[in-house]
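Residue numbers (this note's numbering): 50 to 393.
Beta carbons: idealized from backbone N, C-alpha and C, even for Gly.
See below for the structure under consideration.
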């Protein structure tokens, strides 16, 4: 049995604010006593360029390694001086504050965010030095950082609502003839300023539609931008999809919109100099056209060609690709900007 080391934080959810003490224990399990030259705990918080995994390279991946990470915090403390650790399980308590009162930070403490191309992480690492003859022991774990209470906004009395309408005339992509000639009109409203503690809310009404509706979905999108020299590179990606209707809905029936924001994949909207993180929501109407009758429902993780192309231009909002290949789509959509804030 080899010696094992782990970090155990005082909070099971590992959520802390910069001015709060991060407390916990370093748990060491060893079959025999070991000598060491000190136990150190360090924290590194940074904004990193996330390399795209799988598939073809993205736009930002082409520049991977060119833009250096933005350091938010980088500090370390000695938890225990050199000595011996006995056999069995040993717990060494620790306390560290990310931002001391009056201390100038290298950068603003952005909230933890796991994006496609931009990631904001705060990693705690414990190291036990054992000299030249033995391999050092180490363990790393991430904590989730949220904004300090002093920096939070008062909870809005009511979220800002944007009125939208979706018709065949508002679409920038080609529709199937049966959908375009028959016509449709979908109206509604949705919150475009939303607290991270609250869901995205709103309502939607299908007023008319000559072609039966297959489903109505809400796509939550993230828009990540990075400054590359004098050029801003932007990529849009899908975070999650929430279905609010399945099948042909009754006309003039008000449907509620209720979308819970996923933890870690969202954060307050950021507009910094080197990068920005923004969000959008797309209301997507799928119709029961002749094309859809040829395809039975399948696993969404293995989309068919016509679904993949549709998703591509929902996310990228690139309609030139579709028109060049003369594709006709059975989707109608409307995309709205979404500002996310952290409130008290």
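A residue is called buried when at least 16 other Cβ atoms come within 10 angstroms of its Cβ; residue 149 does not meet this threshold and is exposed. Inter-residue distance for residue 338 and residue 295 is about 15 Å (C-alpha atoms, whole angstroms). According to DSSP, residue pairing for residue 53 in a beta bridge involves 78.
For residue 157, the number of other beta carbons within 10 angstroms of its own is below 16, and it is reported as exposed. In the DSSP assignment, the residues bridged to residue 129 are 88. Comparing alpha carbon positions, the residue from 76, 312, 290 and 388 closest to residue 189 is 76.
Annotated as proximal: residue 328 and residue 387, with beta-carbon spacing under 9 Å. Taking each of 262, 197, 210 and 241 in turn and checking the Cα distance to residue 231, the smallest one comes out for 262. In the three-state DSSP reduction, residue 199 falls in the helix class (H, G or I). A residue is called buried when at least 16 other Cβ atoms come within 10 angstroms of its Cβ; residue 172 does not meet this threshold and is exposed. A residue is called buried once 16 or more other Cβ atoms fall within 10 Å of its Cβ, and residue 73 is buried on that count. According to the DSSP assignment, residue 228 belongs to the alpha helix (DSSP H) that extends over 226 to 231.
With contacts defined by Cβ atoms closer than 9 Å, residue 391 and residue 160 form a contacting pair. CA-to-CA, the gap between residue 233 and residue 241 works out to about 24 Å. A direct Cα-to-Cα measurement between residue 89 and residue 281 gives close to 39 Å. 9 Å or more divides the Cβ of residue 165 from the Cβ of residue 252.
Annotation: residue 79 to residue 52 spans about 4 Å, alpha carbon to alpha carbon. DSSP, reduced to helix, strand and coil, places residue 292 within a strand of the structure shown. When the five nearest sequence neighbours on each side are left out, the beta carbons in the same chain lying within less than 7 Å of the beta carbon of residue 201 are those of 391, 392 and 393, in order along the chain. Judged by beta-carbon spacing, residue 140 lies within the 9 Å limit of residue 57, meaning their Cβ atoms are closer than that value.
By the beta-carbon neighbour count (other beta carbons within 10 angstroms, threshold 16), residue 218 is exposed. The C-beta of residue 322 has fewer than 16 other C-beta atoms within 10 Å across all chains shown, which makes the residue exposed. In the same chain as residue 389, and ignoring 5 residues on each side of it, the C-beta atoms closer than 8 Å to its own belong to 243, 244, 245, 310, 315, 316, 317, 318 and 328, in chain order.
Taking 9 Å as the cut-off, the beta carbon of residue 270 is found closer than this to the beta carbon of residue 286. Residue 239 has its alpha-carbon roughly 11 Å from the corresponding atom of residue 331. In the three-state scheme derived from DSSP, where H, G and I count as helix and E and B as strand, residue 176 is classed as strand.
If you draw a straight line from the Cα of residue 216 to the Cα of residue 288, it comes to about 25 Å. Rounded to the nearest whole angstrom, the CA to CA distance from residue 324 to residue 94 is 16 Å.
Beta-carbon to beta-carbon, residue 163 and residue 132 are separated by about 38 Å, too far to satisfy the 8 Å threshold.
In chain order, 82 place their CB closer than 6 Å to the CB of residue 135, counting only its own chain and leaving out the 5 sequence neighbours on each side. Distance check between residue 186 and each of 178, 279 and 192 places 178 closest, using alpha-carbon atoms only. Counting only residues of its own chain and dropping the five nearest sequence neighbours on each side, residue 55 has a CB closer than 6 Å to the CB of 76 and 188. A residue is called buried once 16 or more other Cβ atoms fall within 10 Å of its Cβ, and residue 237 is buried on that count.
For residue 229, same chain residues with a beta-carbon under 6 Å away, outside a window of 5 residues either side, are 217 in chain order.
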